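The structure appears below as structure tokens.
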Amino acid sequence: MKIGGAVQSLQALQLSTLLIICYLIANPEYTPSPIRPYVSYIRECIAFVFSTIFSGWWPLMAGKIALSVAAVFLSYRLVRVQKEKKEEKHNEDLEKENSERMRRAREEAQRKLQELGSIMQI
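Right, here's the structure in full:
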């Protein structure tokens with residue numbers, strides 16, 4: 025029973041990744057730029073799968089494996105790109121926060137220098 029569920033889960037995963045890949049290939053403007061060079065390889069994998077559908081069971085399995093490997097690679101790449109973008113945004117936020125702190129510290133130092141200068145004049 026557990027094996028059947030695992031097979032169904034794997035098939036659902038393959039179908040969902042195939043749909044994602046087809047969407048990205050059909051809409052290259054939505055494909056993240058680091059992945060664009062690999063789109064042609066993924067197209068070749070998909071063409072291989074569809075060309076082997078009527079050739080028998082083993083070539084079809086080889087095509088499914090190739091497609092699964094391409095999908096896993098693409099998913100990994102997408103996650104890495106999203107993580108890098110998230111880190112960049114976090115670093116930009118930290119830079120803004122640090123520059124604001126430095127500005128406030130400079131203003132405070134100037135204010136204290138002015139107070140000290142006015143005390144020295146007295």
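Residues in the sequence shown are numbered from 25 upward in steps of one, following our numbering.
All C-beta atoms in this analysis are idealised placements derived from N, C-alpha and C, irrespective of residue type, glycine included.
Model, not experiment: these values are computed from the prediction.
Buried or exposed by the 16-neighbour rule on C-beta atoms within 10 Å, applied to residue i
{"i": "Leu-98", "result": "buried"}
{"i": "Ala-129", "result": "exposed"}
{"i": "Ala-94", "result": "buried"}
{"i": "Ile-143", "result": "exposed"}
{"i": "Gln-134", "result": "exposed"}
Residue from the options with nearest C-alpha to residue i
{"i": "Ala-90", "options": "Glu-119, Ser-123, Glu-68, Met-126", "result": "Glu-68"}
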